[in-house]
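Shown next, in C-alpha cells, is the structure this report addresses.
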Amino acid sequence: MRITKLTTYRLAPRWMFLKIDTDAGISGWGEPVIEGKARSVEAAVHEFEPYLLGQDPSRINDLWQVMYRGGFYRGGAILMSAIAGIDQALWDIKGKVLGAPVHQLLGGLVRDKMKVYSWVGGDRPADVIRDIKRLREGGFDTFKMNGSEEMGLIDSARKVDEAVARIAEIREAFGHDIEFGIDFHGRIGAPMAKVMLKALEPYRPLFVEEPVLAEQDETYARLAEHTAIPLAAGERMYSRFEFKRVFQAGGLSIVQPDLSHAGGITECHKIAAMAEAYDVAFAPHCPLGPIALAACLHVDFVSHNAVLQEQSMGIHYNQGGELLDYVLNKEDFHIENGYMKPLTKPGLGVVVDEEKVIAASKLAPDWRNPLWRHADGSVAEW
Ligand SMILES: O=C(O)C(=O)C[C@@H](O)[C@H](O)CO
Ligand SMILES: [Mg+2]
Numbered sequence: 019m020r021i022t023k024l025t026t027y028r029l030a031p032r033w034m035f036l037k038i039d040t041d042a043g044i045s046g047w048g049e050p051v052i053e054g055k056a057r058s059v060e061a062a063v064h065e066f067e068p069y070l071l072g073q074d075p076s077r078i079n080d081l082w083q084v085m086y087r088g089g090f091y092r093g094g095a096i097l098m099s100a101i102a103g104i105d106q107a108l109w110d111i112k113g114k115v116l117g118a119p120v121h122q123l124l125g126g127l128v129r130d131k132m133k134v135y136s137w138v139g140g141d142r143p144a145d146v147i148r149d150i151k152r153l154r155e156g157g158f159d160t161f162k163m164n165g166s167e168e169m170g171l172i173d174s175a176r177k178v179d180e181a182v183a184r185i186a187e188i189r190e191a192f193g194h195d196i197e198f199g200i201d202f203h204g205r206i207g208a209p210m211a212k213v214m215l216k217a218l219e220p221y222r223p224l225f226v227e228e229p230v231l232a233e234q235d236e237t238y239a240r241l242a243e244h245t246a247i248p249l250a251a252g253e254r255m256y257s258r259f260e261f262k263r264v265f266q267a268g269g270l271s272i273v274q275p276d277l278s279h280a281g282g283i284t285e286c287h288k289i290a291a292m293a294e295a296y297d298v299a300f301a302p303h304c305p306l307g308p309i310a311l312a313a314c315l316h317v318d319f320v321s322h323n324a325v326l327q328e329q330s331m332g333i334h335y336n337q338g339g340e341l342l343d344y345v346l347n348k349e350d351f352h353i354e355n356g357y358m359k360p361l362t363k364p365g366l367g368v369v370v371d372e373e374k375v376i377a378a379s380k381l382a383p384d385w386r387n388p389l390w391r392h393a394d395g396s397v398a399e400w
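First residue of the sequence shown: 19, per the numbering used here; consecutive thereafter.
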C-alpha cells in the first residue's frame with residue numbers, strides 16, 4: 019500500500035483537517051494545527067509530501083523519524099504540529115487496514131472510561147457560576163477556567179485579590195462537589211506566580227496550569243516548593259526532548275502535551291510513558307476538534323497515568339463551529355456523568371462528514387488570538 023495524496027482543509031472555528039489517501043482506497047484523517055497559525059502548519063504539511071508520497075503508510079515509526087530527523091532542523095510548534103496531524107492520519111489508516119481501534123494497536127485498554135472536563139468562560143463570577151450550574155446538569159463535575167487577565171511582572175495586590183475572589187466565590191457556591199483547574203496561560207511571571215499560588219491555596223484547585231510560560235520551565239520546580247497545588251503545563255512543549263527537561267527538573271504534577279502539537283500519537287504515547295516513570299499525571303491539552311480529541315482518547319485509554327481529558331464542547335473559542343459539526347458518528351462522543359467511553363470503530367473512530375468539510379473549508383476564517391497590552395502600552399501575555 020502506498021500514500022498517494024495529502025489534502026488539507028482549514029475549518030471554522032480555528033481547525034485544520036488532513037486527509038491522507040492511499041492507492042488501496044483507504045484514507046486516514048488527522049488534525050494538524052496550531053491555533054492562529056493554520057496556514058503555516060498547512061505549508062509545513064505539504065512540505066513533507068516529498069517524504070511521504072509513494073511510501074508505505076504502515077511504517078509510522080520510520081516515517082515519523084524521517085519527518086523529525088530527515089530535514090536537519092526540527093522541533094517547534096509548526097513542524098511538530100504538522101508531524102502530529104500526519105501521524106494521526108497514519109494511525110487512522112493502520113487501524114482501518116487492520117480492522118482495529120488505535121487503542122487496541124497500542125496494547126489495549128487500561129480503563130473502561132475516561133474522565134473529561136469542560137471549560138467555563140465568562141468574565142464575571144456570576145457568569146461562571148451560572149455556566150457551571152448548567153454544565154453540571156449535563157453530568158460534568160470537573161472544570162477549567164482562566165485564572166486572571168493581564169498581569170505585570172510585579173503587579174498590585176488588588177489584581178491578585180480580584181482573581182482570587184472569583185475562585186473563592188466558585189468554591190463557596192459549590193463546595194467540594196466540583197473540582198476545577200485554573201489556567202493562567204503564562205500570564206503571570208514568576209514573581210507574581212508565587213504570590214498568586216499562595217493566595218489560591220485555601221481554595222484547593224485541582225491544578226494550576228501554566229502559572230508561567232514554558233520558556234521559564236526552570237521555574238516550575240521552585241514554584242512547586244512553595245505550594246501544595248499541583249502544577250500543570252505542556253501545551254506549549256512539542257516533543258519528548260522538551261518534556262525530558264521538565265521531568266528531570268521536577269515541579270510539574272501534570273503534563274499536558276497536545277496530540278495535535280507534540281508529534282501526534284506516536285510521540286505523546288512516549289511522553290505519557292516518560293511521565294509515568296516520574297509519577298507525573300498525563301492530561302492531554304485539547305481545545306481543538308474531534309480528530310485531535312479522538313487521538314487523545316486513544317492514548318489516554320492505554321496510559322495508566324492519564325487522569326483527565328480536555329475537550330472543547332461549548333468552549334469559548336468555538337465561534338462558527340462546534341466539536342461534532344463534522345462528525346457523522348456523534349453518538350460515539352457521548353459524555354455521560356463526565357466520562358467518555360473508548361472509540362471502538364477501526365482507526366481513530368471518527369467518521370468524518372467529508373462533504374461538509376469540503377464545503378466549510380471554502381469559507382474558513384483565519385482565527386487569531388486577541389493581542390493584549392498592559393496599561394502602559396507594552397504587550398501583555400494573552
Ligand atoms: O485549552 C487550554 O488549556 C488553553 O490554554 C487554550 C489555549 O491553548 C488556546 O487554544 C490558544 O489558542
Ligand atoms: Mg491552557
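Idealized CB from N, CA, C, for every residue including glycine. Bear in mind the structure is a predicted one, so any value in this text is a computation, not a measurement.
| Check | Outcome |
| --- | --- |
| Cutoff 8 Å; reference His287; Cβ partners in own chain excluding five residues on either side | Leu124, Val317, Val320 and Ser321 |
| Residue-level contact to chain B via CB, Ala42, 7 Å cutoff | No chain B is present in this structure, which holds just one protein chain. |
| Near ligand 2: Glu227 beta-carbon under 6 Å from a heavy atom | yes |
| Simplified DSSP assignment, three categories, for Val51 | coil |
| Cα-Cα separation between Asp149 and Ile44, rounded to whole angstroms | 42 Å |
| Closer than 6 Å: Glu253 CB and nearest ligand 2 heavy atom | yes |
| Sufficient close CB pairs (3 or more, under 8 Å) joining the region 260-269 to the region 78-91 | no |
| Segments of 4+ residues assigned as alpha helix (DSSP H) that fall wholly inside the region 157-233 | 175-192 and 208-218 |
| Other residues of its chain near Ala250: CB distance less than 6 Å, five sequence neighbours each side excluded | Phe225, Glu227, Ile272 and Gln274 |
| Glu285 to Met85 span [Cα, whole Å] | 12 Å |
| Contained alpha helix (DSSP H) runs [length at least 4] in the region 279-341, N- to C-terminal order | 282-295 and 308-318 |
| Cβ distance (whole Å) where Ser257 is taken to contact Ala293 below 8 Å | Not quite, the Cβ-Cβ distance comes to about 14 Å (not below 8 Å), so this is no contact. |
| Asp145, DSSP secondary structure in three states | helix |
| Given Tyr135 as reference, the closest of Ala398, Gln337 and His303 once Cα atoms are compared | His303 |
| Euclidean distance between Cα positions of Glu60 and Pro50 | 8 Å |
| Contacting residues, own chain, Cβ-Cβ under 8 Å from His244 (five flanking each side not counted) | Lys212, Leu215 and Lys216 |
| Paired residues, beta bridge with Met98 - DSSP | In DSSP, Met98 forms no bridge with anything. |
| Meets three-Cβ-pair contact criterion under 8 Å: the region 332-349 and the region 26-38 | yes |
| Between the CA atoms of Leu24 and Glu349 - distance to the nearest angstrom | 28 Å |
| Met163 versus Asn355, Val138 and Ile353, residue with shortest Cα-Cα distance | Val138 |
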